[in-house]
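Student: Protein chains in written order, with my numbering: chain A, 191 to 535; chain B, 191 to 535; chain C, 191 to 535; chain D, 191 to 535.
Glycine included, each C-beta is placed from N, C-alpha and C at the ideal position.
Computed from a predicted structure; not experimentally measured.
Protein chains: 4
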Amino acid sequence: MNAPDAFKSPEAFHQYIHEQHMHGLWEISGSQNTPLPTPEAVPHLWPWSLMEQVVRQSCVTVPVGNDRRAMQLYNPGLGGRWATTNTLIAAVQVLMPTEVARAHRHSPAAIRFIMEGNGAYTAVEGERLMMKKGDLVLTPKWQWHDHGNEGNETVVWMDGLDVPLVKMLDAFFFERYPEVTAPTTRPVGNSQALYGNAGVMPTWVKRQDAISPLMVYSYDKVREALHALRDEEGSPYEGIALEYTHPQTGGPALPTIGNRIQMLRPGEKLKPRRVTGSSVFCVVEGSGRTVIDGKVFDWVPNDILALPSWALHHHENTGKGEAVLFSINDRPVLEKLELYREAAE
Amino acid sequence: MNAPDAFKSPEAFHQYIHEQHMHGLWEISGSQNTPLPTPEAVPHLWPWSLMEQVVRQSCVTVPVGNDRRAMQLYNPGLGGRWATTNTLIAAVQVLMPTEVARAHRHSPAAIRFIMEGNGAYTAVEGERLMMKKGDLVLTPKWQWHDHGNEGNETVVWMDGLDVPLVKMLDAFFFERYPEVTAPTTRPVGNSQALYGNAGVMPTWVKRQDAISPLMVYSYDKVREALHALRDEEGSPYEGIALEYTHPQTGGPALPTIGNRIQMLRPGEKLKPRRVTGSSVFCVVEGSGRTVIDGKVFDWVPNDILALPSWALHHHENTGKGEAVLFSINDRPVLEKLELYREAAE
Amino acid sequence: MNAPDAFKSPEAFHQYIHEQHMHGLWEISGSQNTPLPTPEAVPHLWPWSLMEQVVRQSCVTVPVGNDRRAMQLYNPGLGGRWATTNTLIAAVQVLMPTEVARAHRHSPAAIRFIMEGNGAYTAVEGERLMMKKGDLVLTPKWQWHDHGNEGNETVVWMDGLDVPLVKMLDAFFFERYPEVTAPTTRPVGNSQALYGNAGVMPTWVKRQDAISPLMVYSYDKVREALHALRDEEGSPYEGIALEYTHPQTGGPALPTIGNRIQMLRPGEKLKPRRVTGSSVFCVVEGSGRTVIDGKVFDWVPNDILALPSWALHHHENTGKGEAVLFSINDRPVLEKLELYREAAE
Amino acid sequence: MNAPDAFKSPEAFHQYIHEQHMHGLWEISGSQNTPLPTPEAVPHLWPWSLMEQVVRQSCVTVPVGNDRRAMQLYNPGLGGRWATTNTLIAAVQVLMPTEVARAHRHSPAAIRFIMEGNGAYTAVEGERLMMKKGDLVLTPKWQWHDHGNEGNETVVWMDGLDVPLVKMLDAFFFERYPEVTAPTTRPVGNSQALYGNAGVMPTWVKRQDAISPLMVYSYDKVREALHALRDEEGSPYEGIALEYTHPQTGGPALPTIGNRIQMLRPGEKLKPRRVTGSSVFCVVEGSGRTVIDGKVFDWVPNDILALPSWALHHHENTGKGEAVLFSINDRPVLEKLELYREAAE
């Protein structure tokens, strides 16, 4: 169609501009200028009872080769996208004794939260980080890393990465290391010895950037911290909730992924709230229930739950002891871009 | 399918886990773990010769009602998404004398870059910002704003917003003002009188946040600055390139949208480079050519050009005088999230 | 005295500990733990009528040799200390046509505020900064600098340095350049061309530290800025007061010396206030009065006035036109050390 | 003398300007523009063998009344100024069982480093901070504080304050609390429970300023950290040296006083160095020697040593076990003001 013809009727005008890759704001405003966020991701829970079976069978069916034996949790609302929420992918990964998962690096950042078993390690930039149940291990962006299991237990962990975010930003880079493993250059425990002491920092190392130099956050210490705070009031929306922080800035441990752990005391029922940004929870201890936009998700240890942006949600402890939830979120992204909001009902 | 059956064959195993919203990393790694970014957005140029006709006809065909008369530039590679690049939407908006575009606010941030005509204004949070050809006018996120044209020229500008980014982050909020226009509470020119003086700042106003308090950047002054620097070497990739900055931080004028203007001197041919992040260029003066991944885009004033992430590109001035390009980009986002990279060939 | 003897009486005890370089807090608390600051510096005004005569005669009596022809203003309360206030030294320096003041550098920072004459320059780290009446010129710490007068007017300026502060901190370093002048490596006007454009910054130079890269603040522009703001309310204590800022941070132009300029409109009488930290004022335009702890100081252009910490003071314009005061202060120091306070009566 | 007479001879000119509170730079430059810092403070050691006797006798001779029983260490070079170095005052304070030292606050900041005894507390802003041997306890500026000893041991600690700095800056404020003690509003251990967990921070309390919210740094943990790092190379000038940090910023625990602890391994002899800024050391464990500008100071536990600015100094361990030195310094001040320098020989 040429322009003179195009301009004979509103219909022709619109057809013409569409052909030219233009659309009138008046055509889309009604559907697009929504008052509130309209996430495609849905709340979803993957029960451990299911994941455990799958994990066990994957050890039989799938070898650890160039790729890890990691079951990616696909959000049912995201149409087959590699994503647990709009910005985060979580997976359940398993490594059997003697196995090694090949070294690589990528521009997305990753965390590991250990669900079952001890004795495996993640090696990051030359340091072997030992993984124990409940520990959080960081794999910052673009650092060479591999995993190995030199113990005699099968080890299962949750991976959390910002792959969907980095893909959306067209900033995804991936590289395999030429060898199976990258060389070890620092002693085991080095990151914790240097940076894992509250309130004191070494003076002879100058590293300070947006990425935490503390690479392992031991559950032993975190659990102790949670219990020492059990008589505090805490947050009405999160209970006794701790943020895993960069020990030199107090900011998030990673620039793009927030990590939290929260304890709900026996009988504690938190208040509902909405926040911009999405989260993935992994149950650490106890049992309870999360209600998301009216839908109830009951949980027990190792269940994994996806929470979309701006969904009204609250947690409650329905068991007899403490309930502990670990979670990853994209709140550091929302905050840095000045898009974080929250609203209580 | 139940678990016991599922585990009888690899095929059944995979079918089963897919039904449970899990996918093996080994199934997708080959296609997803790409060494480099693979943007769906394509380079594309909207010529002014086309846009001018459309703009003129839109004044006949489309009223300014609740929505603006703004032609959204849809990237041909993005499958009908409201997006000029993965993170940015650009549009060409026209306002005729006496027209008013209704007040509203939204969580995406916006800029206006004036292409044709003088005499219109954008009112933001109570201050009328007068728009002259070549000026940059900010509309930070969530600030009430309306547009009006009290002059006697038809005024055309490029809108630039981070709508696709904010949508991807599920943080899109939109609200109409109850009246057609929000009240004026500050004198015309206030933002420039307070914050538009290089090297001096008022001491009796304390506003300081991530959003620039300087709301209009006059082309008169910017052009003078460009010419005063014409004997500098400049950047081999960008020439004499200036970033529009927050006058109290030196950071980007808006937290999520970078704004740049660059001058190519007669005969100047810049070097090719790739960067993470996308841009939209609007030609201000002169004529020239941009080559993107081998494809040539010749341009003249008011042409608009989309540049995807990680595309190899360079600009050259093919005219007799200076060529000046204004552009918006998502580099502040990439930098804040530690995902910015560049690579020269 | 030995310990056993010393401990026979309170008097002997006290004599003994004094000999050992110890003093009981109980001995000094009454005199030392004062509720409010007790500066030794006193308010003092050096009239231009006096300084002008001295300046003129100094040109006859004193050659410009290795040291500058700079009359240091000694605070009468500081017992002969090289100091105009506890932390700042101000001086009046004169340079006649063809004279050159030898290159050197020092750890104290310096500013020059031009009182009379045009045509001289301060060369700082390779750039000649041209000095016009009313301009502020920076000489940051430890940068090679020399002065020259290639015009045909005698040029007089106020020096302002943080010498007393740096001496108190035992961090005073001084070095003469091996030649009379250091070489020129950058064109005249470079600092202003690069960094003197409100709201735009060059992208190809990466310098960003605590010291402003803008080295000259022209009175032409500053005066225009003051007048453009004359209808603003301004500060009740300072009137229309502007801080000379680092254009990339909005912070003070120098890490240790604050620089301000304030306009009092005809008839304007400001409110009294106390602040921690001291200032030295230089009258730029008009006539008025400053009352400090009840003592009246009337002033006309080029008068210089010392204001000690925590003194109750206010300014008023007693002339017919605008009155303009330039001042230096140590407020950046007080603020960085979290010791800044203010109290209005 | 009047001006015409004054200008008849250079001598008369100089006499005249001195009367007018002006001095020629040419008159003072030779003595004042020194190439290097010339501190008046001298290196000095107060041996514990002396201080212990004095402390014991002070309990007999001096009551704890409105003022504390604190022996101020006066630097022999500073002419009776209330100062251990140019910027810092150290004192040895003793509190016997059942004693209370009255509540007050002041603009100088303070630290306590416990030398002998357990069971006393410092109450700061409503929280009782329990003091054990080797602990560091903060008393940030302008916070109400009192001390008490409810145990059955005599407790001795080193006070460290920035009184001389704050006095020089004419920013000294002091206020007594109307009662003997300020009320307790937070449980014992609260600051450590909230902020003493490496790598995790409470999310429901938002306090974040330049002052560390962690108020007690336990020697138990610090000593463990030192020993865990004993196989690291450490600093050639400081050995295994840790900075007490603000757990949310990695910066110094207080804005004006740096706190360090360093371990010298058996046989370790550090390299000599000069730094701008002064320190006061308190020996925690072991025995050794510090050489300052050629003068030898041998030390054993609880000895206190003053180190002036820019003095060439090194430490060495002359004992059989580890030697541990705690120290306070004004380096945060020097660094904030961009005056920090160091030079190794």
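Going along the chain, which residues of its own chain have a beta-carbon closer than 8 Å to the beta-carbon of G359/B, five neighbours each way excluded?
Tutor: Note that residue 359/B is Leu in the sequence shown here, rather than Gly. So the list is empty, once near-sequence residues are dropped.
Student: Could you give the DSSP three-state label for I451/D: helix, strand or coil?
Tutor: Three-state result, I451/D: strand.
Student: Please report the Cβ distance between S297/D and L529/C, rounded to the nearest whole angstrom; I am assuming they are in contact, meaning their Cβ atoms lie under 8 Å.
Tutor: That belief holds up - the Cβ atoms of S297/D and L529/C are roughly 6 Å apart, short of 8 Å.
Student: Under 8 Å: do the segment 194–210 of chain B and the segment 313–331 of chain A share three or more Cβ pairs, one atom per stretch?
Tutor: The segment 194–210 of chain B, when compared against the segment 313–331 of chain A, does not touch it at the 8 Å Cβ threshold.
Student: With 8 Å set as the bound, which would you pick, yes or no: does the beta-carbon of E428/C sit closer than that to a beta-carbon of chain B?
Tutor: For E428/C, the answer is yes, since a Cβ of chain B falls inside 8 Å of its Cβ.
Student: Less than 8 Å between the CB atoms is what I'm expecting for A388/D and P437/A, so what's the real figure, rounded?
Tutor: About 6 Å; that satisfies the 8 Å criterion.
Student: Please list, in chain order, the chain D residues whose beta carbon lies closer than 8 Å to that of A260/C.
Tutor: Under the 8 Å cutoff, chain D gives G214 and L215.
Student: Run the CB neighbour count on N339/D, radius 10 Å, all protein chains shown included, and call it buried at 16 or more, exposed below.
Tutor: N339/D should be labelled buried.
Student: Please name the residue in M321/C, L268/C, A418/C and E535/C whose C-alpha comes closest to that of E230/C.
Tutor: Among M321/C, L268/C, A418/C and E535/C, the Cα nearest to that of E230/C belongs to L268/C.
Student: Determine, for P437/A, whether the minimum Cβ-Cβ distance to residues of chain D falls below 8 Å.
Tutor: Output row for P437/A: interface = yes.
Student: If I'm right that S248/D touches D325/D with Cβ under 8 Å, what's the distance once you round it to whole angstroms?
Tutor: With a Cβ gap of about 22 Å, S248/D and D325/D do not count as contacting.
Student: Going by alpha carbons, who is nearest to R455/D out of G440/D, P442/D and G511/D?
Tutor: Taking only the C-alpha atoms, the option nearest R455/D is G511/D.
Student: Among residues of its own chain, excluding the 5 on either side of K526/A, which ones have a beta-carbon nearer than 7 Å to its beta-carbon?
Tutor: Cβ neighbours of K526/A beyond the five flanking positions: none.
Student: Listed in chain order, which residues of the segment 412–428 of chain C have Cβ atoms closer than 8 Å to some Cβ of chain D?
Tutor: Within the segment 412–428 of chain C, no residue qualifies.
Student: Would you tell me roughly how many angstroms separate the C-alpha atoms of M453/B and E506/B, rounded to the nearest one?
Tutor: In a straight line, the C-alpha of M453/B is about 10 Å away from that of E506/B.
Student: If we ignore side chains and look at the alpha-carbon of each, how far apart do T288/C and G341/C end up?
Tutor: Spanning the two alpha carbons is a distance of roughly 7 Å.
Student: Applying the criterion that 16 or more other CB atoms from any shown protein chain within 10 Å of the CB defines a buried residue, is K357/D buried or exposed?
Tutor: K357/D comes out buried.
Student: Tell me which residues share the same chain as S468/C and place their Cβ nearer than 8 Å to its Cβ, disregarding the 5 neighbours each side in the sequence.
Tutor: Around S468/C: P229, A231, T275, N276, T277, L278, A496, L497, P498, S499, N519 and D520.
Student: Have a look at F516/B, E414/B, V314/B and A372/B and flag the residue whose alpha-carbon is nearest the alpha-carbon of E475/B.
Tutor: With distances taken between Cα atoms, E475/B lies closest to F516/B.
Student: Could you please give the first and the last residue of the uninterrupted beta strand (DSSP E) stretch that includes H296/D?
Tutor: Taken as a continuous stretch (DSSP letters only), the beta strand (DSSP E) holding H296/D covers V290 to H296.
Student: For a contact defined as C-beta to C-beta under 8 Å, what are the partners of L450/A on chain D?
Tutor: First, the residue type needs correcting, since residue 450/A is Arg and not Leu in the sequence shown. What R450/A touches in chain D: T393.
Student: With C-beta atoms as the reference, is A291/B less than 8 Å away from D336/B?
Tutor: Yes, the pair counts as a contact, with Cβ atoms nearer than the cut-off.
Student: Could you spell out the range, first to last residue, of the alpha helix (DSSP H) harbouring P522/B?
Tutor: Residues R521 to K526.
Student: Check whether the Cβ of T446/C lies closer than 8 Å to any Cβ atom in chain D.
Tutor: Judged by the 8 Å Cβ criterion, T446/C is in contact with chain D.
Student: Looking at chain C, is there any beta carbon in it that lies within less than 8 Å of the beta carbon of S468/D?
Tutor: It does; some Cβ of chain C falls within 8 Å.
Student: From this set, R479/A, S239/A and I447/A, which residue's C-alpha is nearest D349/A's C-alpha?
Tutor: Among R479/A, S239/A and I447/A, the Cα nearest to that of D349/A is on I447/A.
Student: Considering only the alpha carbon of each residue, which of A273/B, A443/B and N308/B lies closest to I401/B?
Tutor: Ranking the options by Cα distance to I401/B, first place goes to A443/B.
Student: Is any beta-carbon of chain C found at less than 8 Å from that of W500/D?
Tutor: Cβ-Cβ to chain C under 8 Å: yes for W500/D.
Student: Closest to N256/C by CA distance: which of P253/D, M261/D, N223/D and M241/D is it?
Tutor: Of the candidates P253/D, M261/D, N223/D and M241/D, the one whose C-alpha sits nearest the C-alpha of N256/C is N223/D.
Student: Between which two residues does the alpha helix (DSSP H) carrying Q247/C extend?
Tutor: Its alpha helix (DSSP H) spans residues W238 to T251.
Student: Any chance you could list the alpha helix (DSSP H) runs of at least 4 consecutive residues sitting entirely within the segment 373–435 of chain C, in chain order?
Tutor: Entirely contained in the segment 373–435 of chain C, the alpha helix (DSSP H) runs reaching 4 residues are, in chain order, 380–385 and 409–418.
Student: Does D349/C come out as helix, strand or coil in the three-state DSSP assignment?
Tutor: Three-state result, D349/C: strand.
Student: Would A534/D pass as a contact of R479/D if the rule is Cβ separation under 8 Å?
Tutor: No, these two residues do not count as a Cβ contact at 8 Å.
Student: Under 8 Å between the Cβ atoms of D493/C and P253/C?
Tutor: Not a contact, by the Cβ cut-off of 8 Å.
Student: Cβ of H294/C within 8 Å of Cβ of Y367/C?
Tutor: Yes, the Cβ-Cβ distance between H294/C and Y367/C is below 8 Å.
Student: Could you give the first and the last residue of the continuous alpha helix (DSSP H) run that contains H208/B?
Tutor: Segment P200 to E209, the alpha helix (DSSP H) holding H208/B.
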